[in-house]
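There are 2 protein chains.
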Amino acid sequence: MRDFIKIMKALSDQNRVVILKLLQQRELCVCELRELLGLAQSTVSKHLKILEGARLIDYSKDGQWVNYRLADSEDNPYAAALLENLKQWLDNDQRVAEAASRLPFVDRSTLCGR
Amino acid sequence: MRDFIKIMKALSDQNRVVILKLLQQRELCVCELRELLGLAQSTVSKHLKILEGARLIDYSKDGQWVNYRLADSEDNPYAAALLENLKQWLDNDQRVAEAASRLPFVDRSTLCGR
DNA sequence: TTTATATATCGCCATATATCGATTTATGGA
DNA sequence: TCCATAAATCGATATATGGCGATATATAAA
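Listed in order, the protein sequences are those of chains C and L.
Here the first sequence is numbered in our numbering, starting from 1 and rising by one per residue.
Here the second sequence is numbered in our numbering, starting from 1001 and rising by one per residue.
1. Taking only three categories from DSSP, how would you classify residue 72 of chain C?
2. Roughly how many angstroms lie between the CA atoms of residue 1103 of chain L and residue 1039 of chain L, to the nearest whole one?
3. How long is the line joining the alpha carbons of residue 1075 of chain L and residue 1081 of chain L, rounded to whole angstroms?
4. Is there a Cβ of chain L sitting closer than 7 Å to that of residue 20 of chain C, yes or no?
5. Can you tell me whether residue 35 of chain C is buried or exposed? The criterion is at least 16 other CB atoms within 10 Å of its CB, across all chains shown.
6. Buried or exposed: which applies to residue 71 of chain C, given that a residue is buried once 16 or more other Cβ atoms fall within 10 Å of its Cβ?
7. What residue range is occupied by the uninterrupted alpha helix (DSSP H) comprising residue 1093 of chain L?
8. Could one say the Cβ of residue 1003 of chain L lies closer than 7 Å to chain C's Cβ atoms, at least one of them?
9. Does the Cβ-Cβ distance between residue 1012 of chain L and residue 12 of chain C come in under 7 Å?
10. Under 8 Å Cβ to Cβ from residue 1090 of chain L, same chain only, skipping five residues before and after it: list those, please.
11. Smallest Cα separation from residue 1054 of chain L: which of L:1112, L:1079, L:1041 and L:1109?
12. Have a look at residue 1014 of chain L and residue 1056 of chain L and give me their C-alpha separation to the nearest angstrom.
13. Check the Cβ of residue 11 of chain C against every Cβ in chain L and list those closer than 7 Å, keeping chain order.
14. Compare the C-beta of residue 1067 of chain L against all C-beta atoms of chain C and say whether one is closer than 7 Å.
15. What residues of chain C sit near residue 1095 of chain L, judged by a beta carbon separation below 8 Å?
16. With 16 other CB atoms within 10 Å as the buried threshold, where does residue 1028 of chain L fall?
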């Protein structure tokens, strides 16, 4: 039950759902997500922590960046089912579509560093 | 998105999930749920209102009782998917199993007035 | 019509959550 | 070694949520 509730809570916030929808397209670092969501960096980090705690996303470090991606949730039926469902859902949502449309133009090297 | 979030929020509480699992067995009135959950009547009503707002449950009046049941969510893909998933999930959860085991012995006519 | 009872609503409180700015930590480059 | 920068953590605040008891509403029975 605890795992299930954790996933439901993680999915109970619009910004976190948008993050998952964006990660369906490609891996993203925190600064790219910050730009796409228009939130403070600390807020994005906190959201990512919650998604990670629910085992909906994973990350790997790439130098100074941390790349986040959808979790490979073989051993996690709730996460697997919801992530699968989410692939079909919400593509036409205003906020998702708006952020996704800007995704191709977001690039960490122009955004962050020099 | 709003509908989706509403469903996720509705499913983000253990007691509400237990209610849905119990309603998989049969229709239940508020006083039966109050007994099975061990919560105040007003609290149960509030939970039911939230589940109803997410269109996960429906009700019909039967005299002084109000019978709640799982929603017939044909036109509601999010609710349909989650309710379907929930049928497979959480049967072995401690709280769900405990409440479900008492379900056969709960009867509105003994519970509520005589 | 009065009374009893099942349910809904209201008001309150304690806790949880979303957000931000400031600070800390970690990594890469000078 | 020192500095710049990406990300994490901390601290504060405003809002949301879950719980209860008290009250209001609706229905059935007397």
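Glycine included, each C-beta is placed from N, C-alpha and C at the ideal position.
Walking through what the data contain:
1. Look at residue 72 of chain C here: in three-state DSSP terms it is coil, with no helix or strand label.
2. 16 Å
3. Going by the C-alpha atoms only, they are around 11 Å apart.
4. Taking a beta-carbon distance threshold of 7 Å, residue 20 of chain C does not count as an interface residue toward chain L.
5. Residue 35 of chain C should be labelled buried.
6. It is buried - the Cβ of residue 71 of chain C has at least 16 other Cβ atoms within 10 Å.
7. That residue, residue 1093 of chain L, is in no alpha helix (DSSP H); it is neither H nor E in DSSP.
8. no
9. yes
10. 1017, 1021 and 1096
11. L:1079
12. 15 Å
13. Those are 1008, listed as they occur along chain L.
14. no
15. 1
16. buried
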